[in-house]
Amino acid sequence: MFYALYFEIHHLVASAALGFARVAPIFFFLPFLNSGVLSGAPRNAIIILVALGVWPHALNEAPPFLSVAMIPLVLQEAAVGVMLGCLLSWPFWVMHALGCIIDNQRGATLSSSIDPANGIDTSEMANFLNMFAAVVYLQNGGLVTMVDVLNKSYQLCDPMNECTPSLPPLLTFINQVAQNALVLASPVVLVLLLSEVFLGLLSRFAPQMNAFAISLTVKSGIAVLIMLLYFSPVLPDNVLRLSFQSTGLSSWFYERGATHVLE
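Each number in this note's numbering corresponds to the 1-based position in the sequence shown with 5 added.
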């Protein structure tokens with residue numbers, strides 16, 4: 006009886022390991038579930054519980070934990086998990102890039118440009134917009150969306166069968182993140198550019214004025230003013246618009262040996 010229990014526990018550990026490989030990257034990428042919010046041991050326990058909750062097979066159907074057959078399955082699940090983490094983190098990366106662009110234009114991250122080795126590594130506006138996006142996402146059922154995407158991914162990519170992420174959508178992912186960030190930042194960047202032009206003209210008529218020193222304060226005030234006008238009516242809707250839904254997951258997988266993308 007004890008030998009049977011020993012092998013049964015090994016099957017349970019194998020199922021938990023496969024589920025962990027897919028779910029863990031999502032927890033690592035999302036700003037409200039990463040190491041800055043949840044510490045290591047509690048987070049790992051939550052990951053395993055979520056993974057076993059959406060596991061599509063009986064817990065004793067996985068290969069033995071120490072078998073060679075587990076290696077390609079774990080690698081496949083880790084690749085799928087990284088892709089799901091990127092898709093679910095899309096709105097947060099866009100908001101983070103938006104904050105970095107605004108802080109760069111108003112001069113808040115000037116030290117990182119002049120001295121990359123000793124300058125600041127993060128943008129305060131980027132961190133703020135990242136947390137703001139997390140609040141909007143969670144308030145509108147973000148955790149339900151995350152579990153729904155996980156469940157749909159198991160329907161499209163069974164952990165016991167071979168499947169591969171579709172490459173063409175992955176190639177345009179970074180481009181879409183940068184494009185959305187630039188579009189959202191364009192009103193603020195345009196106003197800051199105009200303020201620099203006016204300060205440059207003013208310095209021509211008042212050469213004794215240090216236009217560079219004044220511009221940092223002026224641009225920071227203008228950026229905050231524009232964000233107050235721009236923040237509420239635009240950013241929450243864009244966070245929800247950029248949030249990835251399970252209905253769009255089918256185009257990101259294809260079956261090995263198939264000639265068409267799953268619908």
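Glycine residues also receive a C-beta, built at the ideal position from the N, C-alpha and C atoms.
Self-check item: With 16 other Cβ atoms within 10 Å as the buried cut-off, status of leucine 38
Solution: As a first step, residue 38 must be located in the sequence shown, where it is residue number 33. By the 10 Å Cβ count, leucine 38 comes out buried.
Exercise. Give me the Cα-Cα distance between valine 266 and serine 256, rounded to the nearest whole angstrom.
Key: Counted from its first residue, the sequence shown places residue 266 at position 261. Counted from its first residue, the sequence shown places residue 256 at position 251. Confidence at valine 266 is low in this model, with a pLDDT of 36, below 50, so its placement is unreliable and the value that follows should be read with caution. Cα-Cα distance, rounded: 6 Å.
Quiz item: Sorted by chain position, which residues of the same chain lie with C-beta nearer than 6 Å to glutamine 110's C-beta, five sequence neighbours on each side aside?
Solution: For the purposes of this step, residue 110 is identified with residue 105 of the sequence shown, where counting begins at 1. So the qualifying residues of the chain are Val194 and Leu197.
Practice problem: Could you tell me the distance, in whole angstroms, from the CA atom of isoleucine 53 to the CA atom of phenylalanine 25? | Solution: On the sequence shown, position 48 is the one that residue 53 refers to. On the sequence shown, position 20 is the one that residue 25 refers to. Going by the C-alpha atoms only, they are around 6 Å apart.
Quiz item: Do you know how far the Cα of proline 170 is from the Cα of leucine 23?
Solution: Here the question's residue 23 lines up with position 18 in the sequence shown. Here the question's residue 170 lines up with position 165 in the sequence shown. Taking the CA atoms as reference points, leucine 23 sits about 17 Å from proline 170.
Exercise. Determine the DSSP secondary structure at threonine 170, reduced to helix, strand or coil.
Key: Within the sequence shown, numbered from 1, the residue matching residue 170 stands at position 165. Contrary to the premise, residue 170 reads as proline rather than threonine in this sequence. Note: proline 170 maps to strand in three-state DSSP.
Exercise. Go to glycine 253, then tell me how far its alpha helix (DSSP H) extends in each direction, as first and last residue.
Key: Taking the first residue of the sequence shown as 1, we reach residue 253 at position 248. Membership of glycine 253 in any alpha helix (DSSP H) is not indicated, and neither H nor E is assigned to it by DSSP.
Quiz item: Looking at leucine 103 and leucine 189, is the spacing between their C-beta atoms short of 7 Å?
Solution: The residue labelled residue 189 in the question sits at position 184 within the sequence shown. The residue labelled residue 103 in the question sits at position 98 within the sequence shown. For leucine 189 and leucine 103, yes; Cβs fall inside 7 Å.
Self-check item: Three-pair Cβ contact test at 8 Å for the segment 159-167 versus the segment 81-90
Solution: Flag = yes, the segment 159-167 and the segment 81-90 touch.
Quiz item: Is the beta carbon of leucine 245 less than 7 Å from the beta carbon of asparagine 145?
Solution: For the purposes of this step, residue 245 is identified with residue 240 of the sequence shown, where counting begins at 1. For the purposes of this step, residue 145 is identified with residue 140 of the sequence shown, where counting begins at 1. For leucine 245 and asparagine 145, yes; Cβs fall inside 7 Å.
Quiz item: Leaving out the 5 sequence neighbours to the left and right, which residues in its chain are closer than 6 Å to alanine 131 when beta-carbon positions are compared?
Solution: On the sequence shown, position 126 is the one that residue 131 refers to. Result list for alanine 131: His101, Gly104 and Cys105, in chain order.
Quiz prompt | Three-state class that DSSP yields for phenylalanine 249 in the structure shown | solution = For the purposes of this step, residue 249 is taken as the residue at position 244 of the sequence shown. The answer is coil: DSSP assigns phenylalanine 249 none of H, G, I, E or B.
Quiz item: Going by alpha carbons, who is nearest to phenylalanine 249 out of Gly90, Ser220, Ser40 and Gly58?
Solution: Here the question's residue 249 lines up with position 244 in the sequence shown. In terms of CA proximity to phenylalanine 249, Gly90 leads the group Gly90, Ser220, Ser40 and Gly58.
Self-check item: Spatial distance of arginine 27 from leucine 78 (CA atoms)
Solution: As a first step, residue 27 must be located in the sequence shown, where it is residue number 22. As a first step, residue 78 must be located in the sequence shown, where it is residue number 73. Taking the straight line joining both Cα atoms gives about 10 Å.
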